[in-house]
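Visitor: The structure follows.
Protein chains: 2
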Amino acid sequence: MTSYNLKQWFYVKRPDERVSEQHYALRESVISPTLAKNEVLLEAKYISVDPYMRIQQAAKPNWEQPHALNTVQGAAVVAQVLKSNSERFKQGDWVSAYSGWQTHAVVHANEIQALNPNDADVKTALGVLGMPGRTAWFGLMEAGKPKAGETVVVSGAAGAVGSLVTQFAIKNGCRVIALAGSEEKCTWLEKLGVAYALNYKQFDSAQQLHERLMELGGVDVYFDNVGGMNTDAVLSSLNLRARVVICGQISQYDGSLDNPELGPRFLHQLLYKRATIQGILARDFTHRMPEMINHILPWLKAGEIQFKTTEINGFENLPSALEGLFEGKNIGKAIVRVK
Amino acid sequence: MTSYNLKQWFYVKRPDERVSEQHYALRESVISPTLAKNEVLLEAKYISVDPYMRIQQAAKPNWEQPHALNTVQGAAVVAQVLKSNSERFKQGDWVSAYSGWQTHAVVHANEIQALNPNDADVKTALGVLGMPGRTAWFGLMEAGKPKAGETVVVSGAAGAVGSLVTQFAIKNGCRVIALAGSEEKCTWLEKLGVAYALNYKQFDSAQQLHERLMELGGVDVYFDNVGGMNTDAVLSSLNLRARVVICGQISQYDGSLDNPELGPRFLHQLLYKRATIQGILARDFTHRMPEMINHILPWLKAGEIQFKTTEINGFENLPSALEGLFEGKNIGKAIVRVK
Numbered sequence: 000m001t002s003y004n005l006k007q008w009f010y011v012k013r014p015d016e017r018v019s020e021q022h023y024a025l026r027e028s029v030i031s032p033t034l035a036k037n038e039v040l041l042e043a044k045y046i047s048v049d050p051y052m053r054i055q056q057a058a059k060p061n062w063e064q065p066h067a068l069n070t071v072q073g074a075a076v077v078a079q080v081l082k083s084n085s086e087r088f089k090q091g092d093w094v095s096a097y098s099g100w101q102t103h104a105v106v107h108a109n110e111i112q113a114l115n116p117n118d119a120d121v122k123t124a125l126g127v128l129g130m131p132g133r134t135a136w137f138g139l140m141e142a143g144k145p146k147a148g149e150t151v152v153v154s155g156a157a158g159a160v161g162s163l164v165t166q167f168a169i170k171n172g173c174r175v176i177a178l179a180g181s182e183e184k185c186t187w188l189e190k191l192g193v194a195y196a197l198n199y200k201q202f203d204s205a206q207q208l209h210e211r212l213m214e215l216g217g218v219d220v221y222f223d224n225v226g227g228m229n230t231d232a233v234l235s236s237l238n239l240r241a242r243v244v245i246c247g248q249i250s251q252y253d254g255s256l257d258n259p260e261l262g263p264r265f266l267h268q269l270l271y272k273r274a275t276i277q278g279i280l281a282r283d284f285t286h287r288m289p290e291m292i293n294h295i296l297p298w299l300k301a302g303e304i305q306f307k308t309t310e311i312n313g314f315e316n317l318p319s320a321l322e323g324l325f326e327g328k329n330i331g332k333a334i335v336r337v338k
Numbered sequence: 000m001t002s003y004n005l006k007q008w009f010y011v012k013r014p015d016e017r018v019s020e021q022h023y024a025l026r027e028s029v030i031s032p033t034l035a036k037n038e039v040l041l042e043a044k045y046i047s048v049d050p051y052m053r054i055q056q057a058a059k060p061n062w063e064q065p066h067a068l069n070t071v072q073g074a075a076v077v078a079q080v081l082k083s084n085s086e087r088f089k090q091g092d093w094v095s096a097y098s099g100w101q102t103h104a105v106v107h108a109n110e111i112q113a114l115n116p117n118d119a120d121v122k123t124a125l126g127v128l129g130m131p132g133r134t135a136w137f138g139l140m141e142a143g144k145p146k147a148g149e150t151v152v153v154s155g156a157a158g159a160v161g162s163l164v165t166q167f168a169i170k171n172g173c174r175v176i177a178l179a180g181s182e183e184k185c186t187w188l189e190k191l192g193v194a195y196a197l198n199y200k201q202f203d204s205a206q207q208l209h210e211r212l213m214e215l216g217g218v219d220v221y222f223d224n225v226g227g228m229n230t231d232a233v234l235s236s237l238n239l240r241a242r243v244v245i246c247g248q249i250s251q252y253d254g255s256l257d258n259p260e261l262g263p264r265f266l267h268q269l270l271y272k273r274a275t276i277q278g279i280l281a282r283d284f285t286h287r288m289p290e291m292i293n294h295i296l297p298w299l300k301a302g303e304i305q306f307k308t309t310e311i312n313g314f315e316n317l318p319s320a321l322e323g324l325f326e327g328k329n330i331g332k333a334i335v336r337v338k
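Structure representation (structure tokens):
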């Protein structure tokens, strides 16, 4: 019976501030799995790190129970089938699965999705054709309801979701003002075709950024991945009947979900502008993946949508790759390449 | 030619904190108006004081330009026709008009609405059959989208709008948790049929009120007239797909519209619950008044909806009646009786 060297990152300590390697433990073992009917053995090739992981580590409730301690960190994975006891998969097949931060996993065939490497780079399953793409597409289109000619502001615009929202909004005929945290990110966003890329770190205050947004004509749709100062500035710059989509609040993930940071009260602004704020979550649109892929895949194949990744090499770097998200390190989707 | 003693309250100084008589000037004169074709001369009988007046006194933009200084304070009025040069009105007719804080006004017939005292007490034109009723009805039904059996939380529940929202939600088959600021208000709300009336002043913190709301099963619809601590508590107590209606933020009207108070950042909560916050404004529903009255008037005539007023006697007391709104003095609709 073939044996495999299994490596797993266990989530072992709840972070109070920024999550880092100290909250994880690497465990190694040798496994010789036998497969029940319809099970397959996967070998992880690309593993995802996503901001939502930190939300699940907050003490207060989120959309479900907090991530259990002393279990393998949950994550989306792109893997190849090593062994199969399912008629639907054979050795060498590319699949995506929610198998977490581990090099190998035995999963039921119903829990994995086949990937076609001829359609698109398999890594897209962790980005534009996966959860981030779904979040960006349905969040923008269904909650943001952008109309051609409207101004869409995206925070975290160079990130995994933000860079897709930015491009989808441009495809939709909108004028995009991208907010990002470095000149390098802004330069890339300009190449994507945004009307303005603003490095929010160049503004001394939310008030200054607000003034710039007002000079640029105000905001019809705001797709928010970041919260904090970016959002303070945008919420005071809304146009009549603006739609605000809350997708993430990454500026608050270093402990402020449990002990909220204070910010200016703004709800009165909604009243003046008859604006709407809506929180969205990728899982609400999971059943509509085929619809999303029908829209996006042709754009991707035609090169009309860019899918950019920041790849971190080495399974052992998963915790630091996750930490890097909160340092604003990545452009596009952060992905850990296992080997 | 008949002459009249005209009294007018001019808005003369922008308040930085709580609005009071020092921001107004009483001016008296004798007028002998001649009426152009289609004009009528009105004698004010009941004059409205409303929280929105303070919003219009903030320096920062609201839904329109701030109220101009050195002009008569704008306000809805119930009046009788003293003289008419319009075929549509005759002396003695009851009407409503937006003629402001003055005892007499010459207005075009197109700018006034006829009232039928046999249908309902004319004062209802300033409350349940006027702007507050319209706000409550459309705000609750169209933005709140309450379903029978859901829990509707109303802040400022004993106020002009809140007490109507409370009753409309009960008529709609909802369970209402009313938030108010005194035992007297809570006692009245219990008589109206709320499931729970909570005196928020009995809670030491938003956290305590949040815990109570969670004990009571959380919140499906929140109709917010108040903001601040009430709202902090409710926004952390939302159920899945909750709808939050921002109608007012009266706790912020003593200067915090221009210099925002700090409060806990909460937008991440919307994400977990896929909740929606929507700002509403009465004027968006003005053209649908007949529809609203068709719903409400039968209930009012049948005694199924209570319209409670706090009447303040004397035109000279208008500024202090306005100030009283921010002291939580009134139950139901605050109205100044001119004589």
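From first to last, the protein sequence lines stand for chains V and R. Per numbering that gives the first Met the number 0, residue 0 is the first one in the first sequence, and the count goes up by one each step. Per numbering that gives the first Met the number 0, residue 0 is the first one in the second sequence, and the count goes up by one each step. Note that CB positions come from ideal geometry on N, CA and C, so glycine has one too.
What do you get for residue 248 of chain R, buried or exposed, if any count of 16 or more other CB atoms within 10 angstroms of its CB means buried?
Guide: Its Cβ being crowded by 16 or more others within 10 Å, residue 248 of chain R is buried.
Visitor: Run through chain R and tell me which residues come within less than 8 Å of residue 265 of chain V, C-beta to C-beta.
Guide: Under the 8 Å cutoff, chain R gives 259.
Visitor: If we cut at 9 Å on Cβ distances, does residue 280 of chain R have a partner in chain V?
Guide: So yes, residue 280 of chain R belongs to the interface.
Visitor: Relative to the alpha-carbon of residue 264 of chain V, which residue among V:38, V:141, V:136 and V:235 has its alpha-carbon at the smallest distance?
Guide: Looking at the Cα atoms, V:235 is the closest of the given residues.
Visitor: Can at least three beta-carbon pairs, one atom from the region 40-49 of chain R and one from the region 58-69 of chain R, be found at a separation below 8 Å?
Guide: They do not touch, by the three-pair rule.
Visitor: Listing by chain order, which chain R residues have their CB less than 7 Å from the CB of residue 61 of chain V?
Guide: Those within 7 Å of residue 61 of chain V in chain R are 271.
Visitor: Across the region 118-126 of chain R and the region 1-19 of chain R, are there enough close Cβ pairs to call them in contact, namely three or more that are closer than 8 Å?
Guide: Contact fails: fewer than three Cβ-Cβ distances are below 8 Å.
Visitor: Going by the beta-carbon positions, is the gap between residue 291 of chain R and residue 136 of chain R smaller than 9 Å?
Guide: In contact: residue 291 of chain R and residue 136 of chain R (Cβ atoms closer than 9 Å).
Visitor: Going by Cα to Cα distance, which pick from R:39, R:126, R:327 and R:139 is closest to residue 299 of chain R?
Guide: It is R:126 whose Cα lies nearest to the Cα of residue 299 of chain R.
Visitor: Count the other CB atoms, across all protein chains shown, that sit within 10 Å of the CB of residue 0 of chain R; report buried if there are 16 or more and exposed otherwise.
Guide: Its Cβ having fewer than 16 others within 10 Å, residue 0 of chain R is exposed.
Visitor: Taking 9 Å as the CB-CB cut-off, is residue 156 of chain R touching chain V?
Guide: It does not: the Cβ of residue 156 of chain R has no partner Cβ on chain V nearer than 9 Å.
Visitor: Name, please, each residue of chain V whose Cβ falls closer than 9 Å to the Cβ of residue 30 of chain R.
Guide: The contacting residues do not exist; residue 30 of chain R stays about 36 Å from chain V at best.
Visitor: Under the three-state reduction of DSSP, which class applies to residue 215 of chain R: helix, strand or coil?
Guide: Coil at residue 215 of chain R, not helix or strand.
Visitor: Taking the C-alpha atoms as reference points, what is the distance between residue 146 of chain V and residue 239 of chain V?
Guide: Those two C-alpha atoms are separated by around 14 Å.
Visitor: Does the region 309-327 of chain V come close enough to the region 278-292 of chain V to have 3 or more Cβ pairs within less than 8 Å?
Guide: Short answer: they don't touch.
Visitor: Would the beta-carbon of residue 159 of chain V fall within 9 Å of that of residue 329 of chain V?
Guide: Yes, they are a contact pair.
Visitor: Since residue 27 of chain R sits in a beta bridge, which residues does DSSP pair it with?
Guide: Per DSSP, R:6.
Visitor: Is the region 197-213 of chain V touching the region 161-171 of chain V, taking contact as three or more C-beta pairs under 8 Å?
Guide: Touching, no, given that fewer than three Cβ pairs across the two stretches are closer than 8 Å.
Visitor: Let's test the definition: count the other Cβ atoms within 10 Å of the Cβ of residue 4 of chain V and tell me whether it reaches 16, buried, or not, exposed.
Guide: Residue 4 of chain V should be labelled exposed.
Visitor: So with CB distances below 8 Å, who are the chain R contacts of residue 274 of chain V?
Guide: 277 and 278, listed in chain order.
Visitor: Using a Cβ-Cβ cut-off of 6 Å (strictly less than) and excluding sequence neighbours within five positions of residue 111 of chain V, which residues of its own chain qualify?
Guide: Contacts found: 94 and 96.
Visitor: Tell me, please, whether the CB atom of residue 226 of chain V is closer than 9 Å to any CB atom in chain R?
Guide: Residue 226 of chain V counts as touching chain R.
Visitor: Select from the region 206-217 of chain R all residues with a C-beta closer than 9 Å to any C-beta belonging to chain V, and list them in chain order.
Guide: Within the region 206-217 of chain R, no residue qualifies.
Visitor: Can you pull the chain V neighbours of residue 256 of chain R, defined as C-beta to C-beta under 7 Å?
Guide: Near residue 256 of chain R (Cβ distances below 7 Å), the residues of chain V are 267.
Visitor: Can you check the region 119-203 of chain V for any beta strand (DSSP E) of at least 3 residues that lies completely inside it and give the ranges in chain order?
Guide: As far as the region 119-203 of chain V is concerned, its whole beta strand (DSSP E) runs of at least 3 residues are 150-153, 174-179 and 195-198.
Visitor: Taking 9 Å as the CB-CB cut-off, is residue 150 of chain R touching chain V?
Guide: So, not an interface residue.
Visitor: Can you check which of these residues, V:274, V:338 and V:321, is closest to residue 21 of chain V by C-alpha distance?
Guide: The shortest C-alpha separation from residue 21 of chain V is found at V:321.
Visitor: Could you tell me whether any non-hydrogen atom of the ligand GTP is closer than 8 Å to the CB of residue 89 of chain V?
Guide: Inclusion of the ligand GTP in the displayed structure is not the case, the ligand content being empty and no account of it being possible.
Visitor: Below 9 Å between beta carbons: does that hold for residue 194 of chain V and residue 178 of chain V?
Guide: Not a contact, by the Cβ cut-off of 9 Å.
Visitor: Taking Cβ to Cβ, would you say residue 38 of chain V is nearer than 9 Å to residue 103 of chain V?
Guide: No. Outside cutoff.
Visitor: Alpha carbons only, please: which of R:261, R:23 and R:101 is nearest the one belonging to residue 30 of chain R?
Guide: Per the Cα distances, R:101.
Visitor: Determine, for residue 230 of chain V, whether the minimum Cβ-Cβ distance to residues of chain R falls below 9 Å.
Guide: Closer than 9 Å: yes.
Visitor: Check the Cβ-Cβ distances between residue 251 of chain V and every residue of chain R, and say whether any is below 9 Å.
Guide: By this cut-off, residue 251 of chain V is an interface position.
Visitor: The beta strand (DSSP E) that contains residue 239 of chain V, what's its start and end?
Guide: Per DSSP, residue 239 of chain V belongs to the beta strand (DSSP E) from 237-245.
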